[in-house]
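Numbering (my numbering), first residue to last: 6 to 517.
Glycine included, C-beta positions come from ideal geometry on N, C-alpha and C.
Notes for the one structure printed next.
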């Protein structure tokens, strides 16, 4: 009995010791801001503010916290101390004036190979080298060369929307813009980035779409993800060593193998100059060298080409489709703005075809896109990791601290945008109104040297796709279309609607 009692006692002691150690590990970082006299919301053990964000979404949680704790307050991204900054002058310091101290983005863990070579996760000089090599991929000349691929994708989109009306034998039809715009952006990305010719509208079960949807359907409840969020500094290196991926491995293999196969075909082609897509630009960067700080720096490796292609797919597919959906929704609710967009597109396509030059003339459509991005930014915050301790506006920011800049709050702040900040008004972005407004209040594509390198391509896809839709159809609200302000959003990751929006299409008459 004594022996048994001894074992039970040791077992209980071990359990208590383990639970105590787990509690200490799970809670010890969260006194960081309190010790520095900085207010902030209460944290959950192990995961910081993650549960609140999952429950309420980034938008609502951030606005509530700013109202309660101020425009500068402390929180945690799992166990990483994070300073939320909604003060424009501090934003300017972090992203522009002291950008050399905030060069990197916050990472929870290491990415598996070859995704660890992607431009969004690289740090320091390696990021600078790849960024410099990738910048020529998005010049006006390159975008002009890729435009026919986007034009083909827009033509397929219009054909698909027309089929809805033809199938119903009526003048109009109900459609879900997110579904069809996702197909459009997927086709455009497959053609411009991966050099894969697909028509997702006609073939919804093609492997590219199936694998892409699996990538974006990864659950926040994934055990691998939860474990990483709870113990990033421990689990991250383990995942890296064993090449554990949060994305389905079969999807990763599909995209990586597709890119490598296309690279092989290009290199064996006797006339590689005939290709005008993003992959061709990457291949050019393979043989290119850069001089940084008087040192010759190598061009892209094959792994880096694969990583950039996949990174731009992840960054550009869902965000562009969501943005198109929000613009279509807002134009359906605001027919006067839609009419102005239609007339502008009609004038730009006076020759009967909306070419690259014509798309550049779509100023008002651009204003509508910007206004939609202001109200519904693709991502609701920008982050930077401090690499050198500094003091900004009296706040000491230590190396290893993450800075979170809430783009949605900046874009809807009544102190900047007025009492009607929640209303749709594209004239906010007219030159005469926008002049004098601090540009840092509108940053849907990021800020400073680490802004979105592909934003011009995204804008081209948005303008071309929307203009072609408006040239052919009138967008109308359906009976179940939510009113402005009633649209339910999910903002735990990208900004999207909780449920699909339904709109009505009506074919435009020839005389309009």
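When beta bridges are read from the DSSP output, residue 407 appears opposite 87, 390. For the region 6-51, not one full-length beta strand (DSSP E) segment reaches 3 residues or more. Between residue 315 and residue 151, the gap from beta carbon to beta carbon reaches 8 angstroms or more. Under the Cβ criterion (8 angstroms, minimum of three pairs), the region 47-56 does not count as touching the region 18-25.
Here the region 409-424 makes contact with the region 62-70; the two share three or more CB pairs at distances below 8 angstroms. Annotated as distal: residue 139 and residue 155, with beta-carbon spacing of 8 angstroms or more.
Listed in chain order, the non-local C-beta contacts of residue 107 below 8 angstroms within the same chain comprise 99, 100, 389, 390, 391, 392, 408, local neighbours out to five positions each way being set aside. DSSP assignment within the region 413-478 yields the following whole alpha helix (DSSP H) runs of 4 residues or more, N-terminal first: 419-422, 436-439, 460-477.
Here residue 405 is exposed: its Cβ has fewer than 16 other Cβ atoms, across all protein chains shown, within 10 Å.
Contact annotation: the region 463-475 touches the region 184-203, with at least three C-beta pairs closer than 8 angstroms. The secondary-structure analysis by DSSP pairs residue 155 with nothing; it has no beta-bridge partner. With 16 or more other Cβ atoms inside 10 Å of its own Cβ, residue 80 counts as buried. Setting aside the 5 residues that flank it on each side, residue 490 is surrounded in the same chain by 427, each with a C-beta closer than 7 angstroms to its C-beta; the list follows chain order. Residue burial annotation: residue 447 is buried, with at least 16 other C-beta atoms found within 10 angstroms of its C-beta. Burial check for residue 384: the Cβ neighbour count within 10 Å reaches 16 or more, so the residue is buried.
A direct Cα-Cα distance of roughly 22 angstroms separates residue 23 from residue 241. Bridge partners of residue 401 according to DSSP: 396. By alpha-carbon distance to residue 504, the top candidate from 173, 510, 202, 486 is 486.
For residue 160, the closest of 172, 121, 119, 205 by C-alpha to C-alpha distance is 205.
Residues of the same chain with a CB within less than 8 angstroms of the CB of residue 75, apart from the 5 flanking positions on each side, are 44 in chain order. Collapsing the DSSP output to three states places residue 61 in a helix.
Going by beta carbons, residue 163 and residue 473 fall inside the 8 angstroms limit. Counting other Cβ atoms within 10 Å of its Cβ, residue 313 reaches 16 or more and is therefore classed as buried. Within the DSSP secondary-structure output, residue 501 pairs in a beta bridge with 495. Contact between the region 173-193 and the region 325-335 is present: three or more C-beta pairs spanning the two stretches fall below 8 angstroms. Distances from the CA of residue 64 to each of 412, 255, 438, 96 were compared; the closest alpha carbon is that of 412. Per DSSP, residue 509 lies in no alpha helix (DSSP H) segment; the continuous beta strand (DSSP E) that holds it begins and ends at 508-512. Listed in chain order, the alpha helix (DSSP H) elements of length 4 or more contained wholly in the region 118-158 are 129-139.
Pairing residue 271 with residue 59, the inter-Cα distance amounts to about 44 angstroms.
Spanning the alpha carbons of residue 268 and residue 143 requires a straight line of approximately 19 angstroms. The DSSP-derived three-state label of residue 354 is coil.
The region 427-436 makes contact with the region 371-381: 3 or more CB pairs, one atom from each, lie closer than 8 angstroms. When DSSP states are grouped into helix, strand and coil, residue 380 belongs to the helix group. Annotation: residue 305 to residue 287 spans about 8 angstroms, alpha carbon to alpha carbon. From the listed residues 453, 380, 122, the smallest Cα separation to residue 500 is found for 380. In the three-state DSSP reduction, residue 109 falls in the strand class (E or B).
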